[in-house]
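Counting in the UniProt record's numbering, the sequence shown runs from 1 upward without gaps.
Note that beta-carbon positions come from the ideal geometry of N, C-alpha and C, so glycine has one too.
Reviewing the structure listed below.
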Amino acid sequence: MADSASRVLLGDIGGTNARFALVTDEHMGPIETLRVTDYPDFAGALAAFLGRHLDGLPISGAVLAVAGAVEADRSMLTNSGWVIDAGRLEKTFDLPVVRVVNDFKALAWSLPYLTPPDLFAIGGGERAAAAPAVVLGPGTGLGLACFMPRPRDPLTVTTEAGHVTLPGANAREDAVIAHLRERFGHVSVERALSGPGLVNLYQSLAALDHLAVPPRKPSEITEAALRGSCPTSREAVDMFCAMLGTVAGNAALTFDARGGVYIGGGIAPRIREYLARSQFRARFEAKGRFEAYVAAIPSWVIIHPDPAFIGLQRLARQGV
């Protein structure tokens, strides 16, 4: 898609932040972050970015990774009212070609290019280089994708796994899920394993224990848990880590991900040491007759600050 006389626009669009960068001759410029709530629609955010960075050199195309289901190069963000439509953007901004992909497709394409300093290991054996690898991540929502390293044409499989039914592994989790069911009807994985999901866990645990706890944002819950200043926050983060282990282990079995399971998103990197001490890995491996099989699969937290842009560069280079 890129050539020596033009640039490619890359975008990583989540429910909270929209991040943009321009690539020229394989060199990526600085990544700029815009808050989604500061703009009524995606076009407004993109116009603001381009207004600061256009200097006469044309843009030959764009690859946009978005936090939502994509159909025919169009997506409505799951946790935002923004609609991202490739055809409309091509006309509005005079772009020759725009590609819209799921954000976890971009993350999955980054996996072969992550290096040891980009990763924080949590258990398991050695990865099988020729086997599938899975990336999942709790942030504003929860996404999941699989990278299939085929010899000539590797591919990615994107999913809407954040909306599958949340499993409980013990009576306490079952009680929390029952409480959430009263609020939401269907209790998806994302209702617990996301920023808003962490708040849901915190509120549900307090309700079950008949406690009056102060309202807290996700970051405040994790901070209180790390300080040990709030038992309910601590239990919420402990349950979050344990449930994440169960879901990650399920993904490992579903995709035969002997190439490893990678945890992305905005939450896990900030609590990676806590996650390593938690029940995450025990629950990851708690698969009955297949416990030894899953125990051999390595897991990492992605600590690279911008892994989606690594994948976006690969996609732009391939013209996908």
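Proximity to residue i [Cα-Cα], best of the options
i: His-53; options: Leu-208, Gly-29, Ala-86; result: Gly-29
i: residue 380; options: Asp-174, Thr-37, Gly-137; result: Absent from the model: residue 380. The displayed extent of the chain is 1 to 320, so no value can be given.
i: Ile-297; options: Phe-240, Arg-181, Ala-131, Pro-196; result: Ala-131
i: Ala-65; options: Tyr-39, Ala-145, Tyr-113; result: Ala-145
i: Arg-314; options: Val-237, Glu-223, Gly-141, Asp-153; result: Asp-153
i: Thr-254; options: Ser-229, Val-294, Gly-14, Lys-217; result: Val-294
i: Arg-127; options: Glu-160, Pro-112, Gly-141; result: Pro-112
i: Thr-37; options: Ala-18, Leu-50, Leu-193; result: Ala-18
i: Thr-165; options: Pro-151, Leu-226, Val-187, His-179; result: Val-187
i: Gly-87; options: Ala-106, Gly-61, Gly-68; result: Gly-61
i: Val-8; options: Val-97, Glu-160, Leu-114, Asp-238; result: Val-97
i: Ser-219; options: Leu-198, Val-83, Pro-231; result: Leu-198
i: Ser-233; options: Ala-129, Asp-256, Leu-205; result: Leu-205
i: Leu-312; options: Phe-147, Pro-58, Ser-110; result: Ser-110
i: Gly-141; options: Gly-68, Lys-217, Arg-150, Ala-316; result: Gly-68
i: Arg-317; options: Asp-238, Ala-106, Ala-192; result: Ala-106
Spatial distance of residue i from residue j (CA atoms)
i: Val-176; j: Phe-104; result: 28 Å
i: Ser-4; j: Thr-24; result: In this prediction, Ser-4 has a pLDDT of 44, which is less than 50 and means its spatial position is unreliable; nothing more can be read from the coordinates.
i: Ala-242; j: Leu-10; result: 34 Å
i: Ala-292; j: Glu-285; result: 8 Å
i: Leu-208; j: Ala-282; result: 25 Å
i: Pro-215; j: Ser-229; result: 15 Å
i: Ala-308; j: His-27; result: 15 Å
i: Asn-250; j: Val-100; result: 28 Å
i: Ile-122; j: Ile-267; result: 15 Å
i: Ala-108; j: Asn-102; result: 10 Å
i: Arg-35; j: Thr-16; result: 6 Å
Run of the beta strand (DSSP E) containing residue i, from where it starts to where it stops
i: Ile-84; result: 83-85
Where residue i falls, given that 16 or more other Cβ within 10 Å makes a residue buried
i: residue 331; result: Any property of residue 331 remains undetermined from this structure, which presents the chain solely from 1 to 320.
i: Glu-71; result: exposed
i: Glu-182; result: exposed
i: Tyr-202; result: buried
i: Glu-190; result: buried
i: Phe-290; result: exposed
i: Pro-305; result: exposed
i: Leu-22; result: buried
Residue i - containing alpha helix (DSSP H), residue span
i: Arg-183; result: 171-184
i: Val-247; result: 231-255
i: Arg-52; result: 42-53
i: Arg-7; result: Here Arg-7 belongs to no alpha helix (DSSP H); instead the beta strand (DSSP E) covers 7-13.
i: Ala-108; result: 103-110
C-beta neighbour in chain C for residue i, strict 7 Å
i: Leu-46; result: Chain labels in this structure do not include chain C; a single protein chain is all it has.
Check your understanding: Is it a yes or a no for the region 122-136 touching the region 257-277, going by three-plus beta-carbon pairs under 8 Å?
Key -> Using a C-beta cut-off of 8 Å, the region 122-136 makes contact with the region 257-277, since at least three inter-stretch Cβ pairs fall below that distance.
**Study point:** Cβ contact (3+ pairs, closer than 8 Å) linking the region 267-277 and the region 65-80
**Key:** Touching, no.
Exercise for review: Determine contact between the region 42-49 and the region 87-101, defined as no fewer than three beta-carbon pairs at a distance below 8 Å.
Suggested key: Below 8 Å, enough C-beta pairs join the region 42-49 and the region 87-101 to call them touching: three or more.
Check your understanding: At a cut of 8 Å, does the region 163-174 reach the region 228-246 through at least three beta carbon pairs?
Key -> Contact holds: three or more Cβ-Cβ distances are below 8 Å.
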